[in-house]
Every structure is written in C-alpha cells, then in structure tokens.
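Chains as they are written, first to last, in the working numbering: chain A, 1 to 156; chain B, 157 to 436.
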C-alpha cells in the first residue's frame, strides 16, 4: 500500500509481453499454453515460436495488462514461466532510487537503473516468484522480499 | 569363422542396438506414453477423448480377444485430472460391456526448466468388472474389480523422456458373482513400470500443424505380493501427433517372462485420442 501511495503517476503503457515457458518439449504442450493465453480478454494476439518455447503477446488498446493472469494461464496449462519480459512505452518518466513506478494498474519496483529518465519503448524483466525459473528465483536474492498484488520487482 | 552361438548373440543384439540408436538420436522427446501415464497432468479446462483398442492373442486357442475402452479425461486444476472409462470386450464370446473405472492423478512435485522437467504424481483407480476372473495377473484396466494406487516420476530432458512408476493393486471379486479364484492371499500385487519416450520427427518445430512422430519403449512388470509370482512385458510403440491436438499410438505388447498364469499377454494396441482445450 505504501508503494502505491508514493508511486509516480506515469504516462506509460505495456505494449508487449515476451514470455518463455518451461517444462515442455512437445508441440501439444505448447499448443495448450497458446490456447490458454488466447482466453485472456486483454490479449489481442499471440505469436508463438515453438522452437524456443517463446510467446509474444500483444494487447487490446486501453486494456489493463495483468501479469499475474498471464503467468497463471501458463501454470494452468501445466507448465511454468522461465522468463517474462514486458515491453513498456514510457513518456519521459524519471526513475528515482527505490521509488516505484505505476503503469496501467501494475506497480514496478526497479532493482537497478537508478536516477535515469525512461523514454520510448523499454523492456523490463520481471524477477518475482513464478516469473523466473525456480532456480533463478532462489539465486536473485529476492526470496525474502514479498510483494502485493500487482507489484513486481523488475530489472532493466 | 562364425559359429551358431555368435550368430544367435548377433541376432539378439540387433534389436537392442536399434533401440539404443533410436534413444540416442539428437531430437526432442515426448512423454505421452502408450502403456503408462506420465507424472504430468492435463491443461486446466481441457477435455480429452480416448479410444483404446487391444487385439490380444489368447494362448493355446485360436481366439483373439478384442478389448475396447472409450475414455473421457478432464483437466480439473493444474495439479489434478480425472478420467472415466468403460470396458468392452468379446472375451465372453459375445462383444459386450464388462464394467468401467474412474481414475485420478495429482501432481505434487514439479521442477521445471526450459526444455526439461522432473515431476512426480500420485494416482488411483477404482475399477469394476463383471466378467469371469480368468488369470492370476491382476489388471484394473479391463479385467478385475478392485483398486490401484501408486506414484510415478517423470524426467523430461530435451530429446528423452524417462518415467517410472510403482503401484499397489488389490483385487476383489468381480461382479455377476464371478469370484477371484486364485486364492485369498493372492489378490494383492505391485506393478512396476519403466518407460522411455523419444521424439523422432520433426527435427525442428516450426508450427503446430507439423505431425510429430514419437518412439516409445516401455517395460511393464507385476509381482504378486502373496504368491511372489511375476510377469515382465515389453511394449514398443510408435505415436503420431496431428495438429498438436490429436494422437494415434500403435504398439505391440509382448511377454518377456512370467510365472503368473495369464491368458492373452501378447497383442497389438491402438490408441486414438483427441483433445479439446479451454472447454470446461
């Protein structure tokens, strides 16, 4: 709640999400993820690269992009998210140390990139549990940090 | 000089060499086994429709036993699936329904990495059958009334899937007053399975329309906890996956060794399956 109250009001929107799924090697499994992601009402289109198990999601204009719902769809299909990158269009947002940035209902806590201006399309990588592989999550020292709903640790 | 002994051993070695060659090729693999279930589960909200056909050669007769098992499978949650099936066969000289079973599988461990996973699941089956009990082997998939529960572990590693399970079976008398006639102490058994799976084609995935071809090799074994008698079978199969949604498995199951009385251990099986996603 504190994070939300002091976060910056920003002009920014999520334009794309690139996610890599893990735990599968078969096209039937990949297809299950593809079809599950298509049921999200804010998703406009999905480009699946089944060679690299990567899905490129684009969204309906003006809709709230719910990162948790995307992750849950991958898990419901029976698999996990190994990497989750959001391409966000920023309109001159000043990033200050430890200050959260709110974008269309999502609050981002930047763990690097202190004191810089964000302009244009910038890709951020989510670091929280379920958005990276379990192995990576354990090593990125965020295990003790808990976040609320819609609050994410990200790195540039 | 090649003696008859070496010829014999060369003949024995050839199928093994073929098997190792198939397992060692550098493509990706599958775990959708034909004779066992992997630890992975179904997608939430999906429905699978399956039709299993077994064409088994009855020993010491000219009779062919045909078993038909239609099945419906539901993805309840990301960790739980349930399925129900009906058993038909012509064993009693007319083709008729003989019962059915309800099966559930719960995935309790999932360790996923890109292109690999290690998973474990617990499963159980409650089975009803009203045909005569005609063999010492206990089989909850179309022969006996009773329960089966166990655990399965599956390792997927790019081109190879390896799965192993152990389950406990407890047969009771079959319906229609068909008693289990092989001894009160011989109604319980343990099943051990070991399965290899390998994706042969395509070499590289490009789209969901590509047909996948998998090779499976499975070992199926049972030990009766009362009598100590056992069997060991081998079941190679080829699997085709169409449109990333439908599959056809064609396999052959053969007894390698047994001390249990069995009536028709050898035969062909054909599985047809189609999956509907996001329908529940």
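All residues carry an ideal CB built from backbone N, CA and C; glycine is no exception.
CA nearest to the CA of residue i, picked from the options
i: residue 263/B; options: 278/B, 272/B and 257/B; result: 278/B
i: residue 101/A; options: 155/A, 45/A and 61/A; result: 155/A
i: residue 339/B; options: 416/B, 276/B and 357/B; result: 416/B
i: residue 105/A; options: 150/A, 51/A and 121/A; result: 150/A
i: residue 224/B; options: 427/B, 343/B, 213/B and 387/B; result: 427/B
i: residue 71/A; options: 15/A, 93/A, 110/A and 82/A; result: 82/A
i: residue 445/B; options: 193/B, 287/B and 266/B; result: An answer regarding residue 445/B cannot be provided, because it is not within the stretch 157 to 436 covered by chain B.
i: residue 189/B; options: 370/B, 432/B and 315/B; result: 370/B
i: residue 353/B; options: 342/B, 412/B, 396/B and 423/B; result: 396/B
i: residue 269/B; options: 15/A, 95/A, 24/A and 13/A; result: 24/A
i: residue 80/A; options: 135/A, 152/A and 140/A; result: 135/A
Delimiting residues of the beta strand (DSSP E) encompassing residue i
i: residue 310/B; result: 301-313
i: residue 296/B; result: Taken as a continuous stretch (DSSP letters only), residue 296/B belongs to no beta strand (DSSP E), as it is neither H nor E.
i: residue 91/A; result: 80-95
i: residue 385/B; result: Looking at the DSSP string, residue 385/B is not in any beta strand (DSSP E), and its letter there is neither H nor E.
i: residue 269/B; result: 252-269
i: residue 401/B; result: Note, residue 401/B: premise wrong, no beta strand (DSSP E); not H, not E.
i: residue 290/B; result: Here residue 290/B belongs to no beta strand (DSSP E), and DSSP marks it neither H nor E.
i: residue 52/A; result: Per DSSP, residue 52/A belongs to no beta strand (DSSP E) and is neither H nor E.
i: residue 104/A; result: Per DSSP, residue 104/A belongs to no beta strand (DSSP E) and is neither H nor E.
Bridge partner(s) assigned by DSSP for residue i
i: residue 230/B; result: 203/B and 238/B
i: residue 392/B; result: 373/B
i: residue 115/A; result: DSSP output for residue 115/A lists no bridge partner at all.
i: residue 346/B; result: 324/B and 379/B
i: residue 28/A; result: Beta-bridge pairing links residue 28/A to no other residue.
i: residue 429/B; result: 206/B and 403/B
Helix, strand or coil at residue i according to DSSP, with G and I counted as helix
i: residue 362/B; result: coil
i: residue 41/A; result: coil
i: residue 8/A; result: Any answer about residue 8/A is weak, because its pLDDT of 47 lies below 50 and its placement is not dependable; what the coordinates show is given next. Three-state DSSP puts residue 8/A in a strand.
i: residue 34/A; result: helix
i: residue 357/B; result: strand
i: residue 341/B; result: helix
i: residue 63/A; result: coil
i: residue 248/B; result: coil
i: residue 214/B; result: coil
i: residue 131/A; result: coil
i: residue 177/B; result: Any answer about residue 177/B is weak, because its pLDDT of 48 lies below 50 and its placement is not dependable; what the coordinates show is given next. In the structure shown, residue 177/B sits in a helix (DSSP, three-state: H, G or I).
i: residue 420/B; result: coil
Alpha helix (DSSP H) segment containing residue i, residue limits
i: residue 71/A; result: 67-76
i: residue 157/A; result: Look at the range of chain A in this structure, 1 to 156, and you will see that residue 157/A is not part of it.
**Report entry** Three or more C-beta pairs below 8 Å linking the segment 324-333 of chain B and the segment 359-369 of chain B
**Finding:** no
Report task. Report yes or no: do the segment 209-217 of chain B and the segment 229-242 of chain B share at least 3 C-beta pairs separated by less than 8 Å? Result -> no
Query raised in the report: Would you call the segment 30-39 of chain A and the segment 86-103 of chain A touching, i.e. three or more CB-CB distances under 8 Å?
Result: no
Requested in this report: Taking only beta carbons into account, state which residues of the segment 58-83 of chain A come closer than 7 Å to chain D, listed in chain order.
Outcome: Annotation note: the requested chain D is absent from the structure, which comprises protein chains A and B.
**Report entry** contact_flag[the segment 387-399 of chain B, the segment 371-378 of chain B] where n(CB pairs < 8 Å) is 3 or more
**Finding:** yes
Report task. Determine, using beta-carbon pairs with one atom in the segment 401-411 of chain B and one in the segment 421-435 of chain B, whether at least three such pairs fall under 8 Å. Result -> yes
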